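Taken in sequence, the protein lines are chains A and B.
The opening residue of the first sequence carries number 1 in UniProt numbering; numbering runs sequentially from there.
The opening residue of the second sequence carries number 1 in UniProt numbering; numbering runs sequentially from there.
Don't be surprised by glycine CBs; every beta carbon is placed ideally from N, CA and C.
Computed from a predicted structure; not experimentally measured.
This report concerns only the one structure given below.
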Amino acid sequence: MHLVYPLVLAVLLFGIGLYGVLARRNAILVLMSIELMLNAVNVNLVAFDMYLRDTLHAGQALTLFVITIAAAEIGLGLAIVLMVFRNRATADIPDLRELAEHKEGSV
Amino acid sequence: MNLAAAEHGFLSPTGAEIAFVLIGLVVLGSALLVVTTRQVVHAALWLVVTLGGLAAEYLLLTAEFIAWVQVLIYVGAVVVLLLFGLMLTKAPIGYSEPADRAARIPAATVALGATATLVTVIVDAFRTAYLHLGDDTVGTTKVTGESLFKVWVLPFEVLSVLLLAALIGAVVLSRSRARARSDRKD
Chain A
1 MHLVYPLVLA VLLFGIGLYG VLARRNAILV LMSIELMLNA VNVNLVAFDM
51 YLRDTLHAGQ ALTLFVITIA AAEIGLGLAI VLMVFRNRAT ADIPDLRELA
101 EHKEGSV
Chain B
1 MNLAAAEHGF LSPTGAEIAF VLIGLVVLGS ALLVVTTRQV VHAALWLVVT
51 LGGLAAEYLL LTAEFIAWVQ VLIYVGAVVV LLLFGLMLTK APIGYSEPAD
101 RAARIPAATV ALGATATLVT VIVDAFRTAY LHLGDDTVGT TKVTGESLFK
151 VWVLPFEVLS VLLLAALIGA VVLSRSRARA RSDRKD
């Protein structure tokens with residue numbers, strides 16, 4: 001298999017995830033887009049592990065670590081989003097502007 | 001162009017390559033639906049298709065163990081967590097809102113620019129690289145497990161501590177309100 005196929009797949013997936021992170025409004029949908037980006041990285045790691053014939057299998061080990069960290073991240077992220085939702089009754093990122101710099105006279 | 005690329009032309013793809021490209025199209029299509037659909041629950045369900053397709057891609061790359069871990073953790077646990085989160089924050093299920101911010105066009109510009117740049121660089125750099133998947137002993141559970149528990153034991157154990165910390169953190173974060181209320185009552 002040409003190495004270009006998995007690499008281009010990973011790049012396109014990463015681009016889609018990047019669009020989702022920038023364009024989505026709901027915090028949980030942003031978390032889903034981050035998952036897409038992490039999966040793009042995993043495709044790269046597996047492809048290069050196979051390509052380089054790594055005797056230590058660093059690529060596969062790192063893929064497993066990334067999957068684990070993604071699971072931890074999604075658990076913590078959802079806990080934070082749920083807490084924000086309970087306190088503010090919204091999970092929309094543009095509405096969370098408490099820390100934004102207020103312009104003169106707007107407050 | 002070197003010998004490897006001359007041997008394996010792009011115009012005469014192997015069966016594995018055809019399967020990889022077809023599943024890749026499914027993955028990319030469902031990923032696009034994840035980031036564009038207006039129904040939040042549908043986004044989570046399309047994410048299942050994307051992640052399952054990626055597991056099939058790992059199988060085609062002969063990374064057998066990674067594929068099953070992908071199915072178990074991503075499709076099994078992460079998507080269920082996301083659905084939980086959606087149901088707890090969006091009471092009316094299937095409620096469709098303008099899910100995209102007004103900044104959709106700048107976001108698309110940034111994403112397209114990054115994708116185009118990376119595709120150009122990567123195709124230019126790895127045009128001739130060929131992945132020999134002849135022996136399928138590289139990604140079996142035995143090989144992965146041996147390298148994981150011989151070479152990568154320390155990071156593995158550190159990672160389990162990290163998971164424990166994340167677990168406790170999530171529990172504390174989601175319990176703090178109830179705790180504060182019961183403290184006030186006492």
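For B:A111, the enclosing alpha helix (DSSP H) stretches over residues 104-126. Chain order gives the chain A residues near B:R104 as A23, where near means a beta carbon separation below 7 Å. Short of 8 Å from the beta carbon of B:G76, and not among the five residues preceding or following it, lies no beta carbon of its own chain. DSSP places B:E57 inside the alpha helix (DSSP H), whose first and last residues are 40-60. Secondary structure of B:R175 (DSSP, three-state): helix. B:V78 has its alpha-carbon roughly 25 Å from the corresponding atom of B:V153.
Shown here, A:D54 sits in coil according to DSSP, grouped into three states, outside any helix or strand.
When DSSP reads this structure, B:Y74 sits in no beta bridge, so it has no partner. Think of a sphere of 8 Å around the beta carbon of B:S174: the chain A residues whose beta carbon falls inside it are A79, L82, M83, in chain order. From the beta-carbon of B:R127, the residues of chain A found nearer than 8 Å are V4.
In the structure shown, A:R24 adopts extended strand secondary structure according to DSSP, grouped into three states. Contacts with chain A at 8 Å (Cβ-Cβ) include B:A31. In terms of Cβ geometry, B:F156 and A:V4 do not form a close pair [threshold 8 Å]. Residues of chain A whose Cβ lies closer than 7 Å to the Cβ of B:G85 are, in chain order, I28, L78, V81, L82. Contact of A:A91 with chain B by beta-carbon distance below 7 Å involves T89. In this structure, A:L38 keeps its C-beta atom at 8 Å or more from the C-beta atom of A:V21. Between B:V34 and A:M32, the C-beta spacing is below 8 Å. For A:M1 against B:L11, the beta-carbon gap comes to about 15 Å, at or over 8 Å, which does not count as contact. For A:M37, the nearest beta carbon of chain B is not closer than 8 Å to its own beta carbon. Contacts between B:E57 and chain A, judged by CB atoms closer than 8 Å, involve P6, L9, V43 in chain order. Distances from the CA of A:F85 to each of B:L88, B:V69, B:A44 were compared; the closest alpha carbon is that of B:L88. Looking at the DSSP output, A:D92 bridges to A:N26.
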